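J.: In our numbering, the protein residues as written are 15 to 517.
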Amino acid sequence: MDMTRGDTWELQGLRKVFGPVVANGDISLTLAAHQIHGLVGENGSGKSTLIKILSGAHQPDAGAILRNGVPVRLADPHAARDAGIATVFQEFSLVPSLGVAENIYLGRLPMRRGQVDWRSLGSAAAAILADMNVAIEVDATVEHLSVAEQQLVEIAKALAADASLIILDEPTTALGAGEIARLHDLLRRLRERGRTLLYVSHRLEEVVELVDCITVLKDGNVASPAARTLVDVSYIVRAMVGDVAEHYPKARNATDDVLLKVENLTTREGVSDLSFDLHRGEVFGLGGVLGSGRTEVARALFGIDKVVSGGITINGRAMSIASPADAIAAGIGLVPENRKTDGLFFNFTGFPNISSASLHRLGRRGLISLAREAAEGRRLVRDLEITPTAETREVGYLSGGNQQKVVIARWLFANAEILILDEPTQGIDIAARVAVYQLINGLTAAGKGIILISSDDDELLAMSDRVGVMNHGRLVSIRSAADLSEGALMRFSTGAAPAEVRQ
15 MDMTRGDTWE LQGLRKVFGP VVANGDISLT LAAHQIHGLV GENGSGKSTL
65 IKILSGAHQP DAGAILRNGV PVRLADPHAA RDAGIATVFQ EFSLVPSLGV
115 AENIYLGRLP MRRGQVDWRS LGSAAAAILA DMNVAIEVDA TVEHLSVAEQ
165 QLVEIAKALA ADASLIILDE PTTALGAGEI ARLHDLLRRL RERGRTLLYV
215 SHRLEEVVEL VDCITVLKDG NVASPAARTL VDVSYIVRAM VGDVAEHYPK
265 ARNATDDVLL KVENLTTREG VSDLSFDLHR GEVFGLGGVL GSGRTEVARA
315 LFGIDKVVSG GITINGRAMS IASPADAIAA GIGLVPENRK TDGLFFNFTG
365 FPNISSASLH RLGRRGLISL AREAAEGRRL VRDLEITPTA ETREVGYLSG
415 GNQQKVVIAR WLFANAEILI LDEPTQGIDI AARVAVYQLI NGLTAAGKGI
465 ILISSDDDEL LAMSDRVGVM NHGRLVSIRS AADLSEGALM RFSTGAAPAE
515 VRQ
């Protein structure tokens, strides 16, 4: 990497309009070298449009972009890359069937005598990953990587472009605390090397800990410029959405009634000798670093991964769960980590997505009552405060928060008593996060049991009644959330503290 480059980028009066919608009104800000600049705002505030303008995907209707005082025209993504801009989008741009090294240098493969120089390619990719302190094999096929590992490959791809300006759009949504810390260390090193970094995230505590300055967007305009914004969560929240009295509005609804009992559960995918209880009205949190086995627990309970030993009891009745159909019949619902690929039918509107797990409730002998589907769908849309446009719009066009509510509505329609929420606030803004938390409170008040899997330690500790910590497929600690500090959570997650749960 070039260790001397240091460019300042200026955005002057950028405006972008889509029909009657003003996505960006009059946005001006300066992105300086040797600086990590935070960009925050609710969904719909204009962040995504601004990122797409900088990446060459959209052309502004007015305004200018300057690099070191010289206007540049980013006519398309190739022009943006040639100008020194690399973007790590929240939606991956990887080719699943190709290897890690090929993805990192996609479009810029090293050639020798008219053929790809595979040795040079592997060495260069390995060097990038080593600099990131990431242990991913360069010849691994991307489609076999976890969501978090794919996110790291996206970041490696941007670093390999040797860009002057690196834009990171929600780069940590699938990462655990340890992975986030390593990524932040890397970004700080890049800052010292003269890179300009624009960091976009809904995780405000994370932003405040990392960045040098913050610009807040609201309704397509700058609500608080970097020169005025306090690097403080409370200030940023007020600038984004006004006063929010409670960031984590936790309600205590746990009872003594055991809803789910898991005993000595072991799977082929690495979960080992797992035991815990889930009570009615309780939020049982699962914490742990990337690869700790949290998602594998969810997959086992939902019948995706094969259980080789152990037992699952629901309402005192032993259950054999060998498939998702068995789990649904037993009253278990799963909101998966990646709602876009695993949780939604993007070519369907909201109502068919809501009814998809329980079509038998809509009719008999294979005939579905669309009138009943619509009636049930409207009720859940109203109760969960989902946007009414979910009735007519494909879910791919809904905001992240509304998409997440549609998945939750599916399990309410299916009468699930146990909901497994895997990263339920991933990639959604603060207002939508609070709405999801309030929804969790409503579910527990109705006697549902919630298993909450989250890489956001603040969220995990604030919204859980008890927290179980995973390490290498084992449950090493179960404590009241009130008695578990972030430091203790990290120590158990990494194995630095001895296990307290012994099966």
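C-beta: ideal position from N, C-alpha, C; glycine also.
Quick caveat, the model's predicted, so the values are computed rather than measured.
#1: CA-CA distance, MET17 and ARG203?
#2: If you draw a straight line from the C-alpha of CYS227 to the C-alpha of ASN82, how long is it?
#3: Could you tell me whether the Cβ atoms of VAL31 and ASP90 are closer together than 7 Å?
#4: Do you know offhand how far LYS171's Cα is from PRO185's?
#5: My understanding is that LEU358 touches GLN417, with C-beta atoms under 8 Å, so please give their C-beta distance in whole angstroms.
#6: Starting from the C-beta of SER286, find all residues in its chain whose C-beta is less than 7 Å away, skip the five residues before and the five after it, and write them out in chain order.
#7: At the level of alpha carbons, what is the spacing between ARG87 and ALA93?
#8: In the structure shown, what three-state DSSP assignment does PHE290 receive?
#9: For my contact list, ALA149 and VAL114 are in at a C-beta cut-off of 8 Å; report their separation, rounded to the angstrom.
#10: Does the structure place the segment 400 to 409 close enough to the segment 430 to 438 that three or more beta carbon pairs sit under 8 Å?
#11: Using the C-alpha atoms, what's the distance from PRO350 back to ILE454?
#12: Determine, using beta carbons only, whether ALA47 and THR229 come nearer to each other than 7 Å.
#13: Under 8 Å by Cβ, that's how I've got THR458 and ASN235 pegged, so tell me the actual separation to the nearest angstrom.
#14: With distances taken between CB atoms, is the gap from ILE328 to LEU274 smaller than 7 Å?
#15: Between the segment 328 to 340 and the segment 300 to 311, can you find at least three pairs of beta-carbon atoms closer than 8 Å?
#16: Going by Cα to Cα distance, which pick from GLU220, ALA71 and LEU300 is closest to ILE467?
#17: Rounded to a whole number of angstroms, what is the C-alpha to C-alpha distance between PHE106 and ILE444?
#18: Can the beta-carbon of LYS264 be found less than 7 Å from the beta-carbon of MET477?
#19: With a threshold of 16 other CB atoms inside 10 Å of the CB of TYR411, please say whether the residue is buried or exposed.
#20: Can you tell me whether GLY391 is buried or exposed? The criterion is at least 16 other CB atoms within 10 Å of its CB, across all chains shown.
#21: Taking C-alpha atoms, which residue in ALA428, LEU426, GLU473 and ILE41 lies nearest to ARG447?
#22: Any heavy atom of the ligand GTP closer than 6 Å to the beta-carbon of SER178?
#23: Kindly provide the ranges of any beta strand (DSSP E) runs that are 3 or more residues long and lie completely inside the segment 316 to 372, ordered along the chain.
#24: Nearest CA to the CA of GLY101: which residue from LEU179, GLN49 and MET146?
#25: Among GLU24, GLY136, ARG29 and GLY121, which has the Cα closest to the Cα of VAL84?
#26: Do you know how far the Cα of GLN129 is from the Cα of ARG207?
#27: Please classify HIS374: is it buried, with 16 or more other beta-carbons within 10 angstroms of its beta-carbon, or exposed?
#28: Along the chain, where does the alpha helix (DSSP H) containing HIS198 start, and where does it finish?
#29: With a 10 Å radius around its C-beta and 16 neighbouring C-beta atoms as the bar for buried, classify ARG313 as buried or exposed.
#30: Please go through the same chain and pick out, in chain order, the residues whose beta-carbon is closer than 7 Å to the beta-carbon of ASN485, but skip the five residues on each side of it.
#31: Give the range of the alpha helix (DSSP H) segment to which TYR451 is assigned.
#32: Quick one, are the C-beta atoms of VAL322 and PHE360 less than 7 Å apart?
#33: Under the three-state reduction of DSSP, which class applies to THR18: helix, strand or coil?
#34: State the Cα-Cα distance for the pair ALA162 and GLN104, rounded to the nearest angstrom.
#35: Here's the rule I'm using: 16 or more other beta-carbon atoms within 10 Å means buried, otherwise exposed. How should THR355 be labelled?
#36: Where does LEU88 fall in DSSP's three states?
T.: A quick look at the data gives this:
#1: Summary for MET17: the model assigns pLDDT 41, below 50, so the residue's position carries little reliability; its value from the coordinates is reported in the next sentence. Those two C-alpha atoms are separated by around 10 Å.
#2: Roughly 19 Å separates the two Cα atoms.
#3: Taking C-beta atoms as the reference points, VAL31 and ASP90 fail to come closer than 7 Å.
#4: Their Cα atoms are separated by approximately 13 Å.
#5: Confirmed, about 6 Å.
#6: THR280, GLY487 and ARG488, listed in sequence order.
#7: Looking at the backbone, the Cα of ARG87 and that of ALA93 are separated by about 8 Å.
#8: If DSSP states are grouped into helix, strand and coil, PHE290 belongs with the strands.
#9: In fact, because the Cβ distance is near 12 Å, the residues do not count as touching under 8 Å.
#10: With the rule of 3 Cβ pairs closer than 8 Å, the segment 430 to 438 does not count as touching the segment 400 to 409.
#11: Whole-angstrom Cα-Cα distance: 16 Å.
#12: With respect to the 7 Å criterion, ALA47 and THR229 are not classified as neighbours on the basis of their beta carbons.
#13: That pair is no contact at about 38 Å.
#14: In this structure, LEU274 lies closer than 7 Å to ILE328 by Cβ.
#15: No, they do not touch.
#16: When C-alpha distances from ILE467 are compared across GLU220, ALA71 and LEU300, the shortest belongs to LEU300.
#17: Rounded to the nearest angstrom, the gap between the Cα atoms of PHE106 and ILE444 is 22 Å.
#18: The Cβ atoms of LYS264 and MET477 lie closer than 7 Å to each other.
#19: So TYR411 ends up on the exposed side.
#20: Taking all protein chains shown into account, GLY391 has 16 or more neighbouring C-beta atoms within 10 Å of its C-beta and is therefore buried.
#21: Selected option, being the one with the closest Cα: GLU473.
#22: Although the ligand GTP was asked about, the structure shown includes no ligands whatsoever.
#23: Scanning the segment 316 to 372 for uninterrupted beta strand (DSSP E) segments of 3 residues or longer gives 321 to 328, 331 to 333 and 346 to 349, listed from N- to C-terminal end.
#24: Note that residue 101 corresponds to Thr in the displayed sequence, not to Gly. The shortest C-alpha separation from THR101 is found at LEU179.
#25: Among GLU24, GLY136, ARG29 and GLY121, the Cα nearest to that of VAL84 is on GLU24.
#26: Looking at the two C-alpha atoms, the distance is approximately 33 Å.
#27: By the neighbour-count criterion, in which 16 or more other beta carbons inside 10 Å mark a residue as buried, HIS374 falls on the exposed side.
#28: Here the alpha helix (DSSP H) through HIS198 covers 191 to 206.
#29: Burial call: buried.
#30: Excluding the 5 residues flanking it on each side, ASN485 has same chain C-beta neighbours closer than 7 Å at GLY302, SER306, PHE506, SER507 and GLY509, in chain order.
#31: Segment 444 to 459, the alpha helix (DSSP H) holding TYR451.
#32: Against a cut-off of 7 Å, the Cβ pair of PHE360 and VAL322 comes out as no contact.
#33: In this prediction, THR18 scores a pLDDT of 46, lower than 50, which makes its location untrustworthy; the coordinate-derived value is nonetheless stated afterwards. THR18: coil per DSSP, three-state reduction.
#34: Between the alpha carbons of ALA162 and GLN104 lies a distance of about 12 Å.
#35: With a threshold of 16 other beta carbon atoms within 10 Å, THR355 falls short and is exposed.
#36: Three-state result, LEU88: coil.
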